[in-house]
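Peer 1: Take 95 as the starting number for the sequence shown in this note's numbering and just add one per residue.
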Amino acid sequence: MKTTSIVVIASTLATLLAGCGERQQSVFASHRKDDAPAYTGAPGDPFMAKNWTPGDRTSWQNQIRARGQYQNEYNKTP
95 MKTTSIVVIA STLATLLAGC GERQQSVFAS HRKDDAPAYT GAPGDPFMAK
145 NWTPGDRTSW QNQIRARGQY QNEYNKTP
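(1) Please classify residue 171: does DSSP put it in a helix, a strand, or coil?
(2) For the stretch 137 to 164, which segments carrying the alpha helix (DSSP H) assignment without a break, of at least 4 residues, lie completely within its bounds, in sequence order?
(3) Measuring only the C-alpha atoms, how far is residue 149 from residue 162?
(4) Relative to the C-alpha of residue 144, which residue among 99, 116, 160 and 167 is closest?
(5) If you reduce the DSSP assignment to three classes, tell me which class residue 120 lands in.
(6) Which value, in whole angstroms, describes the spacing of the CA atoms of residue 107 and residue 99?
(7) For the alpha helix (DSSP H) containing residue 109, name the first residue and the last one.
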């Protein structure tokens, strides 16, 4: 009986202590988001597509459409 109560108390204390070490979780994202349209691009972004120029909405839409067609399984199957 004494061993069981010690195990229960130890596990309860371990659970409570583990909860104290958890990092705070917030509802809001940590990075800054602005209200700029997606086709304007990020300044200094090294991962830009080849046929897209920042600020050109038409080339952005064409690039997104082409990227979607590369992922279309109906076009891949014979």
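Each residue gets a CB set at the ideal place from its N, CA and C atoms; glycine is no exception. Fair warning: this is a prediction, and the values are worked out from it, not measured in the lab.
Peer 2: By the coordinates alone:
(1) coil
(2) 151 to 164
(3) 20 Å
(4) 160
(5) coil
(6) 12 Å
(7) 96 to 114
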